[in-house]
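Visitor:
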Amino acid sequence: MNIAVFASGNGSNFQAIADAVKEGRLKADIKLLVCDKPEAGVVERASQAGVPVFCFRPKSYENKAAFEKEIVEELESRQVEIIALAGYMRLIGDTLLHAFDRRIVNIHPSLLPAFQGKDAIGQAWKAGVKVTGVTIHWVDAGIDTGEIIAQQPIDIKESDSLRSLTAAIQAEEHRLYPDTLQRLTSSISRRESEKI
Ligand code: GAR
Numbered sequence: 003m004n005i006a007v008f009a010s011g012n013g014s015n016f017q018a019i020a021d022a023v024k025e026g027r028l029k030a031d032i033k034l035l036v037c038d039k040p041e042a043g044v045v046e047r048a049s050q051a052g053v054p055v056f057c058f059r060p061k062s063y064e065n066k067a068a069f070e071k072e073i074v075e076e077l078e079s080r081q082v083e084i085i086a087l088a089g090y091m092r093l094i095g096d097t098l099l100h101a102f103d104r105r106i107v108n109i110h111p112s113l114l115p116a117f118q119g120k121d122a123i124g125q126a127w128k129a130g131v132k133v134t135g136v137t138i139h140w141v142d143a144g145i146d147t148g149e150i151i152a153q154q155p156i157d158i159k160e161s162d163s164l165r166s167l168t169a170a171i172q173a174e175e176h177r178l179y180p181d182t183l184q185r186l187t188s189s190i191s192r193r194e195s196e197k198i
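In this note's numbering, the protein residues as written are 3 to 198.
1. Three Cβ pairs or more, each shorter than 8 Å: is that satisfied between the region 22 to 42 and the region 108 to 118?
2. Quick check: what's the CA-CA separation for residue 161 versus residue 12?
3. Are the Cβ atoms of residue 145 and residue 93 separated by less than 8 Å?
4. Since residue 14 and residue 38 should fall inside the 8 Å C-beta cutoff, what is the C-beta to C-beta distance between them, to a whole number of angstroms?
5. Could you tell me which whole alpha helix (DSSP H) segments of length 4 or greater appear in the region 71 to 126?
6. Can you look up residue 34 in the DSSP assignment and give me helix, strand or coil?
7. So, helix, strand or coil for residue 43, using DSSP?
8. Is residue 136 helix, strand or coil when you go by DSSP?
9. Roughly how many angstroms separate the alpha carbons of residue 98 and residue 70, rounded to a whole number?
10. How far does the alpha helix (DSSP H) with residue 23 in it reach, from first residue to last?
11. Given the structure, does residue 122 come close to the ligand GAR, in the sense that its CB is under 7 Å from one of the ligand's heavy atoms?
12. For residue 158, I'd like the list of residues in its chain whose CB is within less than 8 Å of its CB, leaving aside the five on either flank, ordered along the chain.
13. Does DSSP put residue 152 in a helix, a strand or coil?
14. Which of the three DSSP states, helix, strand or coil, is assigned to residue 58?
15. With DSSP as the reference, identify every bridge partner of residue 8, one or two as the case may be.
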């Protein structure tokens with residue numbers, strides 16, 4: 003299964019996916035990292051992992067459709083089948099959604115539909131909830147909406163700080179994302195081979 007990872011930041015989820023591929027826990031090839039912030043830490047992680055990078059600055063394009071058209075060309079030329087958003091802080095537009103219909107997955111650090119959008123961990127912390135978590139879902143035109151694929155609740159303990167909660171959520175993301183991608187890619191491969 004050929005996958006692409008999209009990210010905008012530090013890239014710890016990219017790293018977890020790349021490590022799982024290297025260790026054979028995720029049977030996939032990361033064909034491309036797509037990044038909308040050329041200075042982001044994830045770019046260095048991709049070059050260390052030997053993954054090609056497509057970086058762009060959204061402001062240097064006329065509109066979203068213009069940069070997404072270029073992204074689609076990059077993905078198609080590398081026969082990418084699944085896109086994994088890993089901290090890609092940008093709404094996916096029609097151009098990408100149509101080209102990769104039901105083939106884009108996102109990870110979000112809350113139990114959706116609670117705490118959509120930015121700073122979901124901080125939102126949950128401020129709300130004082132006792133349980134939050136991690137969600138993996140198919141991407142549609144909304145912000146952190148779309149059919150849920152996997153969820154893992156995480157208790158917020160009396161002894162937690164925002165920092166310890168963030169660490170617990172990230173550790174869970176790094177386990178759940180590669181595992182879920184492996185389940186998805188193997189069920190897609192099975193479906194494809196049944197068609198032949
Ligand atoms: C992750 O916690 C991911 O769930 C979140 O961004 C972080 C990226 O961290 N995504 C969202 O909030 C999407 N709405 P990373 O760059 O270390 O992987």
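Ideal Cβ positions, reconstructed from N, Cα and C, are used throughout, including at glycine.
Guide: Reading from the atomic positions:
1. no
2. The count along the sequence shown starts at 1 and reaches residue 161 at position 159. The count along the sequence shown starts at 1 and reaches residue 12 at position 10. Taking the straight line from one Cα to the other gives about 27 Å.
3. Within the sequence shown, residue 145 is the residue found at index 143, counting from 1. Within the sequence shown, residue 93 is the residue found at index 91, counting from 1. Yes, Cβ-Cβ distance for residue 145 and residue 93 is below 8 Å.
4. The residue labelled residue 14 in the question sits at position 12 within the sequence shown. The residue labelled residue 38 in the question sits at position 36 within the sequence shown. That pair is no contact at about 17 Å.
5. 96 to 101
6. In the sequence shown, counting from the first residue as 1, residue 34 sits at position 32. Strand, per DSSP.
7. On the sequence shown, residue 43 is found 41 positions in, with the first residue counted as 1. In the structure shown, residue 43 sits in a helix (DSSP, three-state: H, G or I).
8. Reading the sequence shown from its first residue, position 134 is the one you call residue 136. Residue state, collapsed to three classes: strand.
9. Taking the sequence shown and counting its residues from 1, the one referred to as residue 98 is at position 96. Taking the sequence shown and counting its residues from 1, the one referred to as residue 70 is at position 68. It is roughly 6 Å from the alpha-carbon of residue 98 to the alpha-carbon of residue 70.
10. By 1-based counting over the sequence shown, the position of residue 23 is 21. The continuous alpha helix (DSSP H) containing residue 23 extends over residues 14 to 24.
11. What you label residue 122 is simply residue 120 of the sequence shown in a count that begins at 1. Yes, Cβ of residue 122 sits closer than 7 Å to a heavy atom of the ligand GAR.
12. As a working mapping, residue 158 is identified with position 156 in the sequence shown. These residues qualify, in order along the chain: 126, 127, 131, 132, 133, 134, 167.
13. Here residue 152 is taken as the residue at index 150 of the sequence shown, counted from 1. Residue state, collapsed to three classes: strand.
14. Here residue 58 is taken as the residue at index 56 of the sequence shown, counted from 1. Looking at residue 58 - three-state DSSP - the assignment turns out to be coil, as it is neither helix nor strand.
15. Walking along the sequence shown from the start, residue 8 turns up at place 6. Beta-bridge pairing links residue 8 to 36, 87.
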